[in-house]
Every structure is written in structure tokens, then in C-alpha cells.
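Following: one structure in C-alpha cells, then a few remarks.
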Amino acid sequence: MYTHETALRSLFNLREAISIHVGQVTDQQVEATTKGLALYDLGEFTQSQPYLTIGATAGDRASQYALGEVFRRRARGLNDDAKKWYQLAAAQNHVYALLRLGDADSLTKARGLAQAEADKGNADAMLALYEMDQDIAVLKKAADAGSLEAQYILAVKYESDPNLITDSIERESTIDALLKKAAEGGLSQAMSWYANRPPIKQDLPVRRQWLEKRAQMNNVHSLLNYARALGGFYTAEDGTDEYGFTEDPVKSYGLFWLITQTTRELSAHNLAAQDLRSVATDMTADQIAAAKVFARQWEADHPPMSEYRLTYSDIS
């Protein structure tokens, strides 16, 4: 017999079913967004596109901007596909999307948004203002305010243009100080450059520590160097390793293998595959199996593998 209670129960069950379905879709969108952005950060642009599209279509502005970047890089310029996604991100006040669009209205809006945050002391907003005008004075303010990227970019500018600091001793000490700040703050590019400048370059234990720090961040390029160091690739004729590492073929193989499994488009993929074959030559089946176990544990214990590119600047 159909009763009012039966109807209410049916409606309640339907509502619960719809809620569960909506929750599943949302979870799938979040998962796709996370995966897409991770692949984008790794430089796997083709792999990232379908996942970014899900996040971007759902309204995630970071995905919209990243998808615009994928199309811009592919076209080597601002094409219609890139513009469409930049416009959606720009509508949500994404400053760098506005800069990529580059029209007068977009630049005016970007400046207003960035200036408002910069006035509050936001160092990243100051860096965005620098990207609009390339004014070194603004870049210095961003660096002084604590932007790691600004500190690194300023060091690059001083290195490339001696006229900015004419005294060579002062210039080198200023570059060192900027890189030290950015490196200690966790900027991967600064870590690499700082560790390869004297006197650190000649200090094997310290140089080794900086490589290990970059590898622990799961920087794909540093991970490749770390795997090579563990594989004895940097050992001189006298038996001295360039970084002072002890050879560990199991860990070396595991990291090379992990890079090949995680990447497709990066040059690191082919380099790791080549080095993997070299290391495997003298390894047993049990060692290779142990290496893959190590690799999976490394993957579980570390952040997603990434190139750690700068937010907007093409400076490497």
C-alpha cells in the first residue's frame, strides 16, 4: 500500500543517492585537478591536458591558467585556445593570466590587483608588478620583502648585467647573499646555482647536502643528478666522487626507474632510461627488484616529482 510515509522515504532515498553522486563527481574533479597540476608542474604538458581540462571546466582558476600555459607553449604564442582559458582565469582575478592576455584593460586590472596586495606587504604581488614593467627597483623591493623568486631573478639580473653593480667584488657578494637567502628559503633553482658557485663548489660535504636537499624535494633534474651520483657516474679516475657519495646501485637504479615511470615528455626521461640500462649491467634480478621497492617507497615518502619552474618568468 502506497502511503505518505512511503513517499517521504522514497524522496529521502533519492536525495541521498543524488548527494552521494554529486560527492563522487566533486571528488573526481578534485583528484583530476590535483593530478593535472602535478603533471603540469612536472612539465608533462600533454599528459596534464585532459586532467587540467576537468579542473578548469569545474572553475578552478589555477587549472584554467595552467591550461592556457599548455596551449601557449604548444603554439609558442597566444592562440585562441590559450586565450580562452586565460580569460576564464582572469575573470577570477588571476594576475598572471591577465598579464598573458596583455591587452590594455587586462594590464590595468592586473596592476590594480597586484598593487593592492603589494601595498599590504605581499612580496609575490611586488614580483608581479616587476613582471609588468621590468623595473629593477620594484624587483629589489620584492626581494627585500621576502620573495624567493625575486631574490633569484635579481641575482640573475646582476650576473647578466654588470652595469647594475659595477664593482665586481660587491656584485659577486650580493649575488651570493641573494642566492643564499633564496636557497635557504627552499627555492630549487637558487639551491642549484648557489651550490655550484665558489666556495661551496669546492666543499664536497656541503655541495652534497644541497644536492640531497633538492633531491628530497623531488626535483626531477636534481633527482637525475642524485641517481647518477649514487651510480658512480661522477667518479674521477682517482676514485673520488664529485659530490663525495658512496656508490649505491640499488638506489641509483630505483631513482632512474622512477623517473622513467613518471615522465614521458621531458628530456630527463630518455636520459634516465639510458642511465638505467648502464646501471643494470652489473645488477642481479634481486637487486633490481629491491630497487623498484625502494623507488615506490621514495614516491610515497616525497612530494610529487616536479620541475619547480618559476611562477611566471622564463628565466631558468
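Positions 0 to 315 (numbering that gives the first Met the number 0) are the ones given, in order, by the sequence shown.
Ideal Cβ positions, reconstructed from N, Cα and C, are used throughout, including at glycine.
Check, Outcome
"Own chain, CB closer than 7 angstroms to A369, minus 5 neighbours either side, in chain order", "Because the chain is modelled from 0 through 315, residue 369 falls outside the range shown and cannot be assessed."
"Boundaries (first-last residue) of the alpha helix (DSSP H) holding D143", "I135 to D143"
"At least three beta-carbon pairs within less than 8 angstroms, the segment 211-224 to the segment 252-261", "yes"
"Check whether G54 and G67 have beta carbons under 8 angstroms apart", "no"
"Check whether Y157 and I164 have beta carbons under 8 angstroms apart", "yes"
"Every unbroken alpha helix (DSSP H) within the segment 234-286, with a cutoff of 4 residues, ordered by chain", "248-261 and 266-279"
"DSSP three-state assignment for L13, whether helix, strand or coil", "With a pLDDT of 35 at L13, under the threshold of 50, the modelled position of this residue cannot be trusted; read the value that follows with caution. L13 falls in the helix class under three-state DSSP."
"Span of the alpha helix (DSSP H), counted from its first residue to its last, around M216", "Neither: M216 is in no alpha helix (DSSP H) and is coded neither H nor E."
"Three-state class that DSSP yields for S305 in the structure shown", "strand"
"Limits of the unbroken alpha helix (DSSP H) element including K179", "S167 to G184"
"Unbroken alpha helix (DSSP H) run spanning I314, endpoints", "No alpha helix (DSSP H) holds I314; DSSP gives it neither H nor E."
"Rounded Cβ spacing between S312 and I135 (contact assumed at less than 8 angstroms)", "The pair is not a contact, with the Cβ atoms about 14 angstroms apart (cut-off 8 angstroms)."
"Exposure label - V249; buried when at least 16 CB within 10 Å", "buried"
"8 angstroms CB neighbourhood of W297 in its chain, flanking five on each side removed", "G253, L254 and L257"
"Which of helix, strand or coil DSSP assigns to G35", "helix"
"Cα-Cα separation between R99 and N121, rounded to whole angstroms", "21 angstroms"
"Inter-stretch contact at 8 angstroms, needing at least 3 Cβ pairs: the segment 204-219 / the segment 181-193", "yes"
"Closest by C-alpha distance to P303, when choosing among K108, D26 and E43", "E43"
"Given 8 angstroms, three or more beta-carbon pairs between the segment 284-294 and the segment 267-274", "no"
"C-alpha distance - S266 paired with Q48, whole-angstrom precision", "19 angstroms"
"Option nearest F244 by Cα separation, candidates N217, P204, D237 and S187", "P204"
"Segment limits, alpha helix (DSSP H) that includes F44", "F44 to T56"
"Limits of the alpha helix (DSSP H) - the one that I152 falls within", "L147 to S159"
"Endpoints, alpha helix (DSSP H) assigned at D79", "D79 to A89"
"Distance, S172 Cα to A57 Cα", "48 angstroms"
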